[in-house]
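Q: Line order of the protein sequences matches chains A and B. Everything in the first sequence is counted per my numbering, starting at 354 for the first residue and increasing by one. Everything in the second sequence is counted per my numbering, starting at 354 for the first residue and increasing by one. Heads up, the beta-carbon is just placed ideally off N, CA and C, and yes, glycines get one too.
Number of protein chains: 2
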Amino acid sequence: MTKRVKITPSVAEQTLIRLMRVGDRLWRESDERFNQWGLTDNHYNVLRILNGISEPISQAEIGRKMLSSRANVTKLVDVLEQRKFVKRLSCGDRRVNLVELTEDGAKFIEETLSAVVGAANEQMTPLTRDEQKTLFALLGKLLGE
Amino acid sequence: MTKRVKITPSVAEQTLIRLMRVGDRLWRESDERFNQWGLTDNHYNVLRILNGISEPISQAEIGRKMLSSRANVTKLVDVLEQRKFVKRLSCGDRRVNLVELTEDGAKFIEETLSAVVGAANEQMTPLTRDEQKTLFALLGKLLGE
DNA sequence: GGGCAATTGTTTCTTGGTTGACAATCTGGC
DNA sequence: GCCAGATTGTCAACCAAGAAACAATTGCCC
Numbered sequence: 354m355t356k357r358v359k360i361t362p363s364v365a366e367q368t369l370i371r372l373m374r375v376g377d378r379l380w381r382e383s384d385e386r387f388n389q390w391g392l393t394d395n396h397y398n399v400l401r402i403l404n405g406i407s408e409p410i411s412q413a414e415i416g417r418k419m420l421s422s423r424a425n426v427t428k429l430v431d432v433l434e435q436r437k438f439v440k441r442l443s444c445g446d447r448r449v450n451l452v453e454l455t456e457d458g459a460k461f462i463e464e465t466l467s468a469v470v471g472a473a474n475e476q477m478t479p480l481t482r483d484e485q486k487t488l489f490a491l492l493g494k495l496l497g498e
Numbered sequence: 354m355t356k357r358v359k360i361t362p363s364v365a366e367q368t369l370i371r372l373m374r375v376g377d378r379l380w381r382e383s384d385e386r387f388n389q390w391g392l393t394d395n396h397y398n399v400l401r402i403l404n405g406i407s408e409p410i411s412q413a414e415i416g417r418k419m420l421s422s423r424a425n426v427t428k429l430v431d432v433l434e435q436r437k438f439v440k441r442l443s444c445g446d447r448r449v450n451l452v453e454l455t456e457d458g459a460k461f462i463e464e465t466l467s468a469v470v471g472a473a474n475e476q477m478t479p480l481t482r483d484e485q486k487t488l489f490a491l492l493g494k495l496l497g498e
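What follows is the structure, given as structure tokens:
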């Protein structure tokens, strides 16, 4: 048997691993959920961002909000535009495309959101409301917010 | 302006989003860290799993432990074997490859682990030890453990 | 005004990873 | 014994995302 490093993980490390596992699981589940509509979670993310703001925003801005590369936003918006959920608008600055939610896109969000929110609530049921709040606060600290 | 669904996210949903964001960030940082040794975090994950057990295990087992497909485990073990960190053994069941940590692999873990653990501890510094513990417990509940 | 740096969107290439098919092997019921 | 069904590792095809290069455009500083 080969020699082994004895590993006695610190609380910090154990917590970190758990965080990664939970995050991983949530991403997988979310991806799975959106596949049902032929989208990835990132596609849906774009729609939600657009739904949440009052003015059309540039692709670069979208990328910044969702921590995704500009290159990828191009592709995401491509398929959303093809689905007629989203429209590219030209504006003063000829470099940028402003992206706007269409009627269809808004309707899609409206129809699907309750299912999405329901699933989210379901995933959190193991925790009481108070526990959810403390969890929320702790994660906020971790994110430096 | 197109009609919008009014969104007032529940605590559950806000927490869930934060969980996903934290998880995402940790995965990115961890990936970045391991690139420095020409590995992905999943490669390292395999090594840690092998380091943590006393008996060689099958590839399928590894895949189950780390929530990865068998196909992917094949590729991960391929590069680890090429790096001489790991060895494939045949066993009674001629379908399975048992995978074993080599001396080199054990040494690699030994040399790198402190850096990895250090980084993990650093990432958790925004939280006190007690907070880390409650976080750990809450995540455990969420995972159903 | 003229030029240089910065920004934007796109394209191309690469990379991890999953899925599905496959052959080889094992197991359990008869 | 033997055959149907499950498991295992691998391979090919595909997919989402990132990185780098690029052209078009803008803004700033002199």
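In angstroms with no decimal places, state the Cα-to-Cα distance between A:A472 and B:N450.
A: Distance between the alpha carbons of A:A472 and B:N450: 39 Å.
Q: For B:V358, which residues in chain A fall below 8 Å Cβ to Cβ?
A: In chain order: N404, A459, I462, E463 and L466.
Q: Assign B:R371 to one of three DSSP states: helix, strand, or coil.
A: Three-state result, B:R371: helix.
Q: In the stretch 417-448 of chain B, which residues sit with their C-beta less than 8 Å from some C-beta in chain A, listed in chain order?
A: If the cut-off is 8 Å between Cβ atoms, the stretch 417-448 of chain B has L420 near chain A.
Q: Taking CB distances under 9 Å as the criterion, tell me whether B:L392 reaches chain A.
A: So no, B:L392 is outside the interface.
Q: For the beta strand (DSSP E) holding B:S467, just list the boundary residues, first then last.
A: It is not in any beta strand (DSSP E) - B:S467 instead sits in the alpha helix (DSSP H) that spans E456 to Q476.
Q: Of the residues that make up the stretch 375-392 of chain B, which ones have a beta carbon closer than 9 Å to any beta carbon in chain A?
A: If the cut-off is 9 Å between Cβ atoms, the stretch 375-392 of chain B has V375, G376, D377, R378, L379, W380, R381 and S383 near chain A.
Q: Could you have a look at A:E385 and say whether DSSP puts it in helix, strand or coil?
A: Looking at A:E385 - three-state DSSP - the assignment turns out to be helix.
Q: Using a Cβ cut-off of 9 Å, which residues of the stretch 473-487 of chain B contact any Cβ in chain A, in chain order?
A: Answer set for the stretch 473-487 of chain B: A473, N474, E475, Q476, M477, T478, P479, L480, R482, E484, Q485, K486 and T487.
Q: Hey, B:L369 and A:Q412: beta-carbon distance below 9 Å or not?
A: For B:L369 and A:Q412, no; Cβs fall outside 9 Å.
Q: Please determine if the stretch 377-386 of chain A and the stretch 424-442 of chain A are in contact, where contact requires at least 3 C-beta pairs separated by less than 8 Å.
A: As far as the Cβ criterion goes, the stretch 377-386 of chain A does not touch the stretch 424-442 of chain A, which means the pair count is below three.
Q: Check whether the stretch 415-424 of chain B touches the stretch 476-485 of chain B, counting contact only when three or more Cβ pairs, one atom from each stretch, lie closer than 8 Å.
A: In short, these stretches do not touch, since the Cβ pair count stays below three.
Q: Going by C-alpha distance, which of A:R371, A:L495 and A:F387 is nearest A:T465?
A: Nearest option by C-alpha distance: A:F387.
Q: Where does B:I406 fall in DSSP's three states?
A: Three-state result, B:I406: coil.
Q: Where does B:V399 sit, in a helix, a strand or coil, going by DSSP?
A: In this structure, B:V399 counts as helix in the three-state DSSP scheme.
Q: Along chain B, which residues have their Cβ under 9 Å away from the Cβ of A:S366?
A: Inspection of the sequence shows that residue 366 of chain A is occupied by Glu rather than by Ser. Ordered by position in chain B, the residues that pass the 9 Å Cβ test against A:E366 are V469, V470, A473, N474 and M477.
Q: Does any CB atom of chain B fall closer than 9 Å to the CB of A:L451?
A: Output row for A:L451: interface = no.
Q: So with CB distances below 7 Å, who are the chain B contacts of A:L305?
A: Absent from the model: residue 305 of chain A. The displayed extent of chain A is 354 to 498, so no value can be given.
Q: Is it true that the CB of B:G445 sits closer than 9 Å to the CB of A:R371?
A: No, they are not a contact pair.
Q: Is it buried or exposed, A:E408, if we count other Cβ atoms within 10 angstroms and call 16 or more buried?
A: Exposed: under 16 other Cβ atoms inside 10 Å.
Q: Just the chain A side, please: which residues come within less than 8 Å of B:S363 by C-beta, in chain order?
A: Within chain A, the residues near B:S363 are V470, A473 and N474.
Q: What's the C-alpha gap between A:R423 and A:N398?
A: So the two alpha carbons sit approximately 15 Å from each other.
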